[in-house]
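So the protein lines, in turn, are chains A and B.
Residues 184 to 349 (this note's numbering) make up the first sequence, in order.
Residues 184 to 349 (this note's numbering) make up the second sequence, in order.
Reading through the structure tokens given below for one structure.
2 protein chains.
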Amino acid sequence: MKRQTEIDNDQFRALYSRPGFLIRRAHQISMAQFLGETAEFDITPSQFGALFVIEKVPGIDQIGLAQLVGFDRSTAALVSSKLETKGLIKSQMSEEDRRRKVLALTAEGKKMLKKLAEPTRRAQEEVLSAFTEKEATTFLRLLNKYVSANNETTRTPIRPKRTQKR
Amino acid sequence: MKRQTEIDNDQFRALYSRPGFLIRRAHQISMAQFLGETAEFDITPSQFGALFVIEKVPGIDQIGLAQLVGFDRSTAALVSSKLETKGLIKSQMSEEDRRRKVLALTAEGKKMLKKLAEPTRRAQEEVLSAFTEKEATTFLRLLNKYVSANNETTRTPIRPKRTQKR
DNA sequence: AGAAAATAGTCAGACATCTTTCTATTTTCG
DNA sequence: CGAAAATAGAAAGATGTCTGACTATTTTCT
């Protein structure tokens, strides 16, 4: 014999309406949507971000990658290592500055990025499919506002300009 | 000698404007804001969510907790174990159903929740401080719309109603 | 009643994050 | 120039999250 224990949703409103809670759930969901669309390629959102950046700036180092994707150093190292294991990027110590490990896509990595174009586009579409067009625009604008307003306060700010030895 | 390598922000717009990317950044930031405000209590957003739910439904089991907070089973087990280690909750096997582990706050857990009221309120405020009041309302509404629209499609849907043996 | 299905937990493994600490190298500056 | 500061990376450890496999218990259903 079973019985429904009536747990009133309202009882949890103080939790469910918290911006942090909603953002965590949104993150869970958008990750799943991305992974769902790209399942056959065995790639994660973070790895995709890294590939995207490395393609645009071949020869970038781990710190540069971190600053363009918003990773901290450890995450950049981890994601790079995964990508290298999969054969999508190559890394080597820089000759001019032997502290640096410079990264570049392999031919396979380039192919992978091409193959990902469609599924990642679909993933975006899927996220926004909960909204009307107007809402989608507003959602992205506000999300961007929040992220931009706090960019510099994080321990991993996004810094498009990299300094380099001449 | 240093020189700024001009990396055009626009080059990365295709990445930075992705909803998934923005949500990931938002998650990073809101976590940091929560942790910043509650630093002295050594508590995480997930642990706070669990405490909140266990207070409302003492005697809940790990699966019930998972379904109210949006964790999967493993995460529920992990977070519970952290909270127990910290002495904030107590767990024991249920007598009526020996598969279940039932959870309840300790006196310390209750005190902790009280002490967290203020800092967590501030954390919320901080997240929304990037917005005007109107924007904040819209942001939460849209976030909620996204999360609700996709709740059932996730592998960890939030299910306020728990079934229980009579 | 007894077999099959569902349910609660655990464990091991993966990935993304962040922290702190340590090493190596390069840059800065007195 | 040479010491101090800054920078890049690595290593170890913590938390949250998910998966898949496995065990134990309870419920369902023939």
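The C-beta atom is built at its ideal place from N, Cα and C for all residues, glycine as well.
Worksheet item: Taking Cβ-Cβ distances shorter than 8 Å, what residues in chain B pair up with K328 of chain A?
Response: Within the first sequence, numbered from 1, the residue matching residue 328 of chain A stands at position 145. Within chain B, the residues near K328 of chain A are A313, F314, E318.
Fill in: alpha helix (DSSP H) segments (min. 4 residues) lying fully within the stretch 249-315 of chain A
256-268, 290-311, all fully within the stretch 249-315 of chain A.
Worksheet entry | Whole-angstrom distance between R305 of chain A and T221 of chain A, CA atom to CA atom | On the first sequence, residue 221 of chain A is found 38 positions in, with the first residue counted as 1. On the first sequence, residue 305 of chain A is found 122 positions in, with the first residue counted as 1. Within the model, the alpha-carbon separation for T221 of chain A versus R305 of chain A is close to 9 Å.
Discussion item. Any beta carbon of chain A sitting closer than 8 Å to that of A209 of chain B?
Written reply: Taking the first residue of the second sequence as 1, we reach residue 209 of chain B at position 26. Closer than 8 Å: yes.
Worksheet item: Thinking just about the alpha-carbon of each residue, which of B:E335, B:G203, B:M214 is nearest to the one in R201 of chain A?
Response: Within the first sequence, residue 201 of chain A is the residue found at index 18, counting from 1. The shortest Cα separation from R201 of chain A among B:E335, B:G203, B:M214 belongs to B:M214.
Worksheet item: What does a CB cutoff of less than 8 Å around V285 of chain A pick up in its chain, not counting 5 residues either side in sequence?
Response: Start at 1 with the first residue of the first sequence, and residue 285 of chain A comes out as number 102. Answer for V285 of chain A: G242, I243, D244, S274, Q275, M276, S277, listed in chain order.
Discussion item. Tell me the rounded alpha-carbon separation between R282 of chain A and I246 of chain A.
Written reply: As a first step, residue 282 of chain A must be located in the first sequence, where it is residue number 99. As a first step, residue 246 of chain A must be located in the first sequence, where it is residue number 63. If I take the Cα positions, the gap works out to 11 Å.
Worksheet entry | Span separating the alpha-carbon of A197 of chain B from that of S312 of chain B | Residue 197 of chain B sits at position 14 when you count from the first residue of the second sequence. Residue 312 of chain B sits at position 129 when you count from the first residue of the second sequence. Counting only the Cα atoms, S312 of chain B lies some 27 Å from A197 of chain B.
Worksheet item: Does the beta carbon of P241 of chain A sit closer than 8 Å to a beta carbon anywhere in chain B?
Response: For this step, residue 241 of chain A is matched to residue 58 along the first sequence. No, because no Cβ of chain B sits closer than 8 Å to the Cβ of P241 of chain A.
Worksheet item: Do N208 of chain B and G219 of chain A have their CB atoms nearer than 8 Å?
Response: Position 25 of the second sequence, counted from the first residue, corresponds to residue 208 of chain B. Position 36 of the first sequence, counted from the first residue, corresponds to residue 219 of chain A. A small correction: the amino acid at residue 208 of chain B is Arg; Asn does not occupy that position in the sequence shown. In this structure, G219 of chain A does not lie closer than 8 Å to R208 of chain B by Cβ.
Practice prompt. Spell out whether any CB of chain A is found under 8 Å from the CB atom of Q245 of chain B.
Written response: By one-based count along the second sequence, residue 245 of chain B stands at place 62. No, Q245 of chain B lies away from the interface with chain A (no Cβ there is under 8 Å from its Cβ).
Worksheet entry | Element boundaries [alpha helix (DSSP H), containing S151 of chain A] | Residue 151 of chain A lies beyond the range of chain A shown here (184 to 349); nothing can be said about it.
Item to complete: Compare the C-beta of A215 of chain A with all C-beta atoms of chain B and state if any pair is closer than 8 Å.
Response: The residue labelled residue 215 of chain A in the question sits at position 32 within the first sequence. Yes, A215 of chain A lies at the interface with chain B (some Cβ there is under 8 Å from its Cβ).
Practice prompt. Report the three-state DSSP secondary structure of D193 of chain A (helix, strand or coil).
Written response: Indexing the first sequence from 1 puts residue 193 of chain A at position 10. When DSSP states are grouped into helix, strand and coil, D193 of chain A belongs to the helix group.
Discussion item. Using a Cβ-Cβ cutoff of less than 8 Å, which residues in the same chain neighbour D255 of chain A once the five nearest sequence positions on both sides are dropped?
Written reply: For the purposes of this step, residue 255 of chain A is taken as the residue at position 72 of the first sequence. Apart from the 5 residues on each side of it in sequence, D255 of chain A sits with its Cβ closer than 8 Å to the Cβ of A249, R338, T339 in its chain, given in chain order.
Discussion item. Using only the alpha-carbon positions, how far apart do F314 of chain B and A332 of chain B sit?
Written reply: The sequence position of residue 314 of chain B within the second sequence is 131, counting from 1. The sequence position of residue 332 of chain B within the second sequence is 149, counting from 1. Roughly 24 Å separates the two Cα atoms.
Worksheet entry | F217 of chain A versus A:E316, A:T320, A:L299, A:E335, residue with shortest Cα-Cα distance | On the first sequence, position 34 is the one that residue 217 of chain A refers to. Among A:E316, A:T320, A:L299, A:E335, the Cα nearest to that of F217 of chain A belongs to A:L299.
Discussion item. Would L296 of chain A and L251 of chain A be called neighbours here (beta carbons separated by less than 8 Å)?
Written reply: Within the first sequence, the letter at position 113 stands for residue 296 of chain A. Within the first sequence, the letter at position 68 stands for residue 251 of chain A. It is not a contact, given that the beta carbons lie outside the stated cut-off.
Worksheet entry | Test item: CB-CB of L325 of chain A and F322 of chain B under 8 Å | If you number the first sequence from 1, residue 325 of chain A lands on position 142. If you number the second sequence from 1, residue 322 of chain B lands on position 139. Contact: yes.
Fill in: Neighbourhood of K265 of chain B by C-beta distance below 8 Å, restricted to the same chain and skipping five residues each side
Counting from one through the second sequence, the residue named residue 265 of chain B turns up at place 82. Cβ neighbours of K265 of chain B within its own chain (closer than 8 Å, five residues either side excluded): Q230.
Worksheet entry | V310 of chain A to E223 of chain A span [Cα, whole Å] | On the first sequence, residue 310 of chain A is found 127 positions in, with the first residue counted as 1. On the first sequence, residue 223 of chain A is found 40 positions in, with the first residue counted as 1. Approximately 19 Å between the Cα atoms of the pair.
Item to complete: Would you list the one or two residues that DSSP bridges to D244 of chain B?
Response: In the second sequence, counting from the first residue as 1, residue 244 of chain B sits at position 61. B:V285, per the DSSP bridge assignment.
Discussion item. I need the straight-line Cα distance from V240 of chain A to K328 of chain A, nearest angstrom please.
Written reply: Walking along the first sequence from the start, residue 240 of chain A turns up at place 57. Walking along the first sequence from the start, residue 328 of chain A turns up at place 145. Roughly 26 Å between the two C-alpha positions.
Fill in: Cross-chain neighbours of A260 of chain B in chain A, by beta carbon under 7 Å
One-based indexing of the second sequence puts residue 260 of chain B at position 77. In chain order: nothing, as chain A lies at least about 17 Å away.
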